[in-house]
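Colleague:
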Amino acid sequence: MDHEVLMRISRVAIATTVLAGATAVGFGLATGTALADSDEKLPINTFGDIAVDAVHQRVFVSDPTSGNIVATNYQGHEATQMTGFAGVNGLALSADSSVLYAAVSGGHRIAAIATDTLTETASYPVGDTVTIRDVVGPISGKLWFSTIGANVGTGTIGSVDLATSAVAVHDARADGVGLYSTPEISTGAGAPGLIVLTDTDTTSGDSVVYDVSSGAADLKLAAEVFGEFTSDVAISGDGAELIQAGYNGSHRIAISDGTKTAAYTSLNHFGGVEVAADGRVALSLRGASVFGTQDVYVFQPGATTPERTFKLPSVAGSYNRPEVVGRGLAWEPGGSRIFAVAEGDGTQNNYWLYTLNDSDPVEPDPTTVSPSPSTSTPSPGPTETNSPERLQPTIWLTAPATATRGQALTITGTINANWPLPAGKELALWRHDVETTSGPSFGGVATTDANGEFRFTNTPPAGGEVTYEVVFEGDADYYPATASAVVQVSRTTPGLTLDKNKTVNAYGATVTFTATLGTTYKNRVVEIWADPYGSDQANRLLKRATVNSAGKVAASFKLTRNTTLTARFTGDARYAPRTVTSVAYTKVAVNTKVTKHFKTKKIGSVSYYVVRTTKDPHFVTTMTAYPNRFHRIVIQRYKNGKWTAFESATIGLDAYGVSEAWITGYYPAGQRFRVRAEYGNSPYSDKINATTYGAWRYYTYEK
C-alpha cells in the first residue's frame, strides 16, 4: 500500500559562546617606546605557562615536553630546573607566593612546590581518567583545573579540595555549555572568585565564566567570537569586562550581559593580553617584525592609544625578532615589570625571557639592599628621612597549608635585610578569620634568635581561611615590614538537603521546594536558587531566609522547563559552606489536532475523527516553543485486535511552536488509526524539557 508522511523540517544551528580572562598586577609606566631591559635564553623545549613570584623575585616557566619547571631570577639568570613533572602545563601561585601549583597532565595530578626551597611538598591526584591542562587557585579552599570528558565539546572545570583532597568535575552540559577542547583557565585581580575557561584551539573562540566564590562552579556568563581563534583573554581591572584577543582582532565583552564591542581597533594579530591590578592592559602582537609593529603595547584603562610600547631585540639564531608566545605575558605582582616569553625562529628550543620596564636590569650587587614588593615601606614622617643607613628588611613565613580547628598550629619565619636581624627583635602577631576580620592580636609577640628566625604557636578558634600576620614596627636601623600566611582551617560539613530531586512535573506547575539545614554554629541562613535549562534563562535567587525551628526554608517556582534548584549555606566559623542541588524535570505543553475530517463518531467509548477515503488527514501539533525544537509524530494502526506501529517522523516546530503533517495515500473505509506527538525521544530533540507524550487522537476512514 502506498503511503507517505509529509512534514516540515528545519535545520538545527547550535550556537556556541566566548569569553575572556587571565590577568596579573602592576604599576605605572612612563609613556614612550622602549626595548626590553634584559633578555636571557630559557632552557626549555616548549612553553606551557609563566608565573611571577614577587616575594622571592623569581619567574617560573613550565616546559610540557621535558616535564620540567624552570625558575629564574627577574633577569632570567640563575636558572634552576625542577624535573619529574611529565606534561606540566598550567602554573598558579598561592596568594602569599609560598606555594607554586603545577598542572601535571602526564601524572593526572596537581603538584605543590615550596617556593623557598623549590621542592615538591604535596601532590593532589585528580584521577587516572581525568585529563588536566591548567590550574588556578586556591579559591574558596580549592584548586581549580581545566579538563575535558571523553567526547568532543565537553571541556569543563574541576576542583581539588585542599582540606580533603576530594576531586569534583563540574557537568558543564547541565549549564547548556561545553567547550570544544580542553580549555585554558585563568582568573583576574579585578574579579576575585571568577574563573574563565577559554577554548584557544578552535575557531569557535569560546570562553565560559564561572563564579566559584561559594566553592561550587556557578555559570556567570558564556559568550563567543565565532570564526576567530582566541589567543588569550583577561578580566578588566574593574572586573566588569572581558578582554578577548585573537589573531583577527580584539573585543571587550561585558560580564553582566555579554555585550561585545571591538577593542584596540588600530592593532591586529594579537597573541596575548594581561591586565594589571590598577587596570592597565598589556597586549602582545604576533609577527611584529614582519608587520612592522611593536611587540608589546601598554594601555591605560579604557584608553585606545598606548601609553608605552616595547620592541624586543633580535637574538642570535633567529631570522626575525622573537615573537611573544600565547599567554606569554605576565605583570610583576605589586610592581612595574612586565615579563614576556618569546620564541625565535630558525632553530629549535629557541625561547627567551624578556624583562620589560625593569628598574634594575643589571644583576643586583650582593651588598645592595633591594626592597621586596611584599614588604610595606612607610612614608617618612614630618622629621624622618630615608637615610641610607636605615635598611628595609624582608619577612618570610612558613605555615601549614591546612590545620584542624581547635588544635594548635606552628608558624615559623625569618627576617633579614641582606643579613639576619639581631636577636631579640620583637614582631607583633595578628590573626584574621571570619569572626575577627578587624585583626585583633591573639596575644604577645614573637622574638628573633641570633639567626633572625622566630616561631609561634596558635590555636585557631574559627575555621575557613585564616590569615596570620606578622608585623615588625621598625626602629632606628630598620624600616617596618609585614608578612602574612594563609591557613585553611577545617570546618564541619553541615547537613543540607533539598527535596523533589528528579521529579517530573507538569508544564506551568508551581512547585514548592524545601531545603533542610542541620546543625550549625551561628549562621542559619539558606538561599534557594532556580536555574532553568537553556542559555537564555538566568540563574535567579528565589529566597534567602533564616530557617525555621525545624531547620527548613521553602520557596515556590513556576516550572516551564527542566530546572536545577540549588540550596546554599554560606558557612560560619565552625561549619563549612555547602551547596546541594535538585533537578525538577518539566514536561512540555503539547496538543495534536486532526483536521480535514467531515465528522466525528464513537467506536465503543472512543471518539474518532472520520476522514473521507479520498482525503488525506492533516495533523496540527502545538507545543511549548523553543528555538530549533523538534518532535516526533507517531501513527499506529489497529490490526488483529491490537495497536501496532505504522508510521513515525521527526518534525521541526516553527517559532510559534506549531508543526503540520499529513499522511497521503488510499486507505480502505473502516481502517482505524491513532496519532500523537512525542517530545524528547528523538536524536534531534533538545533537552530543555522532560520527555513528554501527547494524548492519542483517533481517526478512521469512510467513503
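For the sequence shown, position 215 matches number 215 in this note's numbering, and the numbering has no gaps at all.
We treat Cβ as the ideally placed atom computed from N, Cα and C, and that holds for glycine.
Between V298 and G190, how many whole angstroms is the CB-CB distance? I'm expecting something under 8 Å.
Modeller: Position 298 of the sequence shown holds residue 298. Position 190 of the sequence shown holds residue 190. Their Cβ separation, rounded to whole angstroms, is 17 Å, which puts V298 and G190 out of contact at 8 Å.
Colleague: DSSP on D175, reduced to helix/strand/coil?
Modeller: As a first step, residue 175 must be located in the sequence shown, where it is residue number 175. Correct three-state label for D175: helix.
Colleague: Indicate whether S123 and I110 have their beta-carbon atoms separated by less than 9 Å.
Modeller: For the purposes of this step, residue 123 is taken as the residue at position 123 of the sequence shown. For the purposes of this step, residue 110 is taken as the residue at position 110 of the sequence shown. Contact: yes.
Colleague: May I ask you to report which of helix, strand or coil DSSP gives S105?
Modeller: Start at 1 with the first residue of the sequence shown, and residue 105 comes out as number 105. DSSP places S105 in helix when its eight states are reduced to three.
Colleague: Buried or exposed for K602, going by 16 or more other Cβ atoms inside 10 Å?
Modeller: Stepping through the sequence shown from its first residue, residue 602 is reached at position 602. K602 should be labelled exposed.
Colleague: Go to S94, then tell me how far its beta strand (DSSP E) extends in each direction, as first and last residue.
Modeller: Stepping through the sequence shown from its first residue, residue 94 is reached at position 94. No beta strand (DSSP E) contains S94, which DSSP labels as neither H nor E.
Colleague: Return helix, strand or coil for R574, following the three-state DSSP convention.
Modeller: By one-based count along the sequence shown, residue 574 stands at place 574. Looking at R574 - three-state DSSP - the assignment turns out to be coil, as it is neither helix nor strand.
Colleague: Please report the straight-line C-alpha distance between D232 and V55, rounded to a whole angstrom.
Modeller: Along the sequence shown, one-based indexing puts residue 232 at 232. Along the sequence shown, one-based indexing puts residue 55 at 55. Taking the straight line from one Cα to the other gives about 26 Å.
Colleague: Report the start-end ranges of each beta strand (DSSP E) in the stretch 408-459 that is 3 residues or longer and not cut off at the edges.
Modeller: Qualifying beta strand (DSSP E) stretches, in chain order: 409-416, 426-432, 441-447, 453-458.
Colleague: Cα-Cα, which of L93, A114, S266, A423 is closest to A330?
Modeller: Walking along the sequence shown from the start, residue 330 turns up at place 330. It is L93 whose Cα lies nearest to the Cα of A330.
Colleague: Taking the straight line between their C-alpha atoms, what separation do you get for H618 and D218?
Modeller: Working through the sequence shown from its first residue, we reach residue 618 at position 618. Working through the sequence shown from its first residue, we reach residue 218 at position 218. Straight-line Cα distance between these residues: approximately 46 Å.
Colleague: Exposed or buried, what is N89 when buried is set at 16 or more other beta-carbons lying within 10 Å of its beta-carbon?
Modeller: On the sequence shown, residue 89 is found 89 positions in, with the first residue counted as 1. Buried, because 16 or more other Cβ atoms sit within 10 Å of the Cβ of N89.
Colleague: Where V104 and G67 are concerned, what is the direct C-alpha to C-alpha distance, given to the nearest angstrom?
Modeller: Taking the sequence shown and counting its residues from 1, one reaches residue 104 at position 104. Taking the sequence shown and counting its residues from 1, one reaches residue 67 at position 67. For V104 and G67, the distance between alpha carbons rounds to 8 Å.
Colleague: Taking the alpha carbon of D477 as the point to measure from, which residue in V606, R390, S556, T72 has its own alpha carbon closest?
Modeller: Taking the sequence shown and counting its residues from 1, the one referred to as residue 477 is at position 477. Checked all of V606, R390, S556, T72; the closest Cα to D477 is R390.
Colleague: Whose C-alpha, out of Y667, A589, A655, is nearest the C-alpha of N718?
Modeller: Lying outside 1 to 703, the shown extent of the chain, residue 718 is not represented and no answer is given.
Colleague: Who are I69's beta bridge partners in DSSP?
Modeller: By 1-based counting over the sequence shown, the position of residue 69 is 69. Note: I69 sits in a beta bridge opposite S62, M82.
Colleague: To which residues of the same chain is E426 closer than 6 Å at the C-beta, ignoring the five residues directly before and after it?
Modeller: As a working note, residue 426 is residue 426 in the sequence shown. The answer, listed in chain order, is V445, T447.
Colleague: May I have the straight-line CA-CA distance separating S256 from V209, to the nearest angstrom?
Modeller: For this step, residue 256 is matched to residue 256 along the sequence shown. For this step, residue 209 is matched to residue 209 along the sequence shown. Roughly 11 Å between the two C-alpha positions.
Colleague: Assuming R327 is part of the beta strand (DSSP E), what are its boundary residues?
Modeller: Counting from 1 along the sequence shown, the entry for residue 327 is found at position 327. Segment 323-331, the beta strand (DSSP E) holding R327.
Colleague: For the 8 Å Cβ check, are there 3 or more pairs between the stretch 509-516 and the stretch 453-461?
Modeller: Contact between the stretch 509-516 and the stretch 453-461 is absent, because fewer than three Cβ pairs lie under 8 Å.
Colleague: S549 to R574, Cα distance in whole Å?
Modeller: As a first step, residue 549 must be located in the sequence shown, where it is residue number 549. As a first step, residue 574 must be located in the sequence shown, where it is residue number 574. Cα to Cα, S549 sits roughly 20 Å from R574.
Colleague: Taking DSSP as the reference, what is the three-state secondary structure of P364?
Modeller: In the sequence shown, counting from the first residue as 1, residue 364 sits at position 364. Caution applies to P364, whose pLDDT of 42 falls short of 50 and renders its modelled position unreliable; the value that the coordinates give is listed next. If DSSP states are grouped into helix, strand and coil, P364 belongs with coil.
Colleague: Report the three-state DSSP secondary structure of W662 (helix, strand or coil).
Modeller: Position 662 of the sequence shown, counted from the start, is the residue given in the question as residue 662. Here W662 sits in strand by DSSP.
Colleague: So what does DSSP say about E702, is it helix, strand or coil?
Modeller: For this step, residue 702 is matched to residue 702 along the sequence shown. Looking at E702 - three-state DSSP - the assignment turns out to be strand.
Colleague: If you count every other CB in all the chains shown that lies within 10 Å of the CB of E77, and 16 or more means buried, which is it?
Modeller: Within the sequence shown, the letter at position 77 stands for residue 77. Note that residue 77 is His in the sequence shown, not Glu. H77 is exposed by the Cβ-count criterion.
Colleague: Indicate whether A71 and V59 have their beta-carbon atoms separated by less than 9 Å.
Modeller: The residue given as residue 71 occupies position 71 in the sequence shown. The residue given as residue 59 occupies position 59 in the sequence shown. It is a contact, given that the beta carbons lie within the stated cut-off.
Colleague: Check whether the stretch 621-634 touches the stretch 644-662, counting contact only when three or more Cβ pairs, one atom from each stretch, lie closer than 8 Å.
Modeller: Touching, yes.
Colleague: Round the Cβ separation of G279 and S236 to the nearest angstrom and send it over; I've been treating them as touching at under 8 Å.
Modeller: Residue mapping note: residue 279 aligns to position 279 of the sequence shown, counting from 1. Residue mapping note: residue 236 aligns to position 236 of the sequence shown, counting from 1. Going by Cβ atoms, the distance from G279 to S236 rounds to 7 Å, so yes, they are a contact pair.
Colleague: Answer with buried or exposed for Y666, where buried requires no fewer than 16 other C-beta atoms within 10 angstroms of its C-beta.
Modeller: Here residue 666 refers to the residue found at position 666 of the sequence shown. Exposed is the call here.
Colleague: Beta carbon of Q244, beta carbon of T259: below 9 Å?
Modeller: Within the sequence shown, the letter at position 244 stands for residue 244. Within the sequence shown, the letter at position 259 stands for residue 259. The answer is no: Cβ separation not under 9 Å.
Colleague: Which partner residues of A649 appear in the DSSP bridge assignment?
Modeller: In the sequence shown, counting from the first residue as 1, residue 649 sits at position 649. Partner(s): I633.
Colleague: Give me the Cα-Cα distance between V324 and M623, rounded to the nearest whole angstrom.
Modeller: On the sequence shown, position 324 is the one that residue 324 refers to. On the sequence shown, position 623 is the one that residue 623 refers to. For V324 and M623, the distance between alpha carbons rounds to 54 Å.
Colleague: Within the stretch 259-295, note down every full beta strand (DSSP E) run reaching 3 residues or more, in order along the chain.
Modeller: As far as the stretch 259-295 is concerned, its whole beta strand (DSSP E) runs of at least 3 residues are 260-263, 270-275, 281-285.
Colleague: Just the C-alpha distance for V84 and T164, rounded to the nearest angstrom, thanks.
Modeller: Within the sequence shown, the letter at position 84 stands for residue 84. Within the sequence shown, the letter at position 164 stands for residue 164. The sequence given here has Gly at residue 84, not Val. Answer to the nearest angstrom: the Cα atoms are 25 Å apart.
Colleague: Check this for me: beta carbons of V526 and R568, under 9 Å apart or not?
Modeller: Position 526 of the sequence shown, counted from the first residue, corresponds to residue 526. Position 568 of the sequence shown, counted from the first residue, corresponds to residue 568. Yes, the pair counts as a contact, with Cβ atoms nearer than the cut-off.
Colleague: Would you identify the three-state DSSP class for Q671, choosing helix, strand or coil?
Modeller: Taking the first residue of the sequence shown as 1, we reach residue 671 at position 671. Coil.
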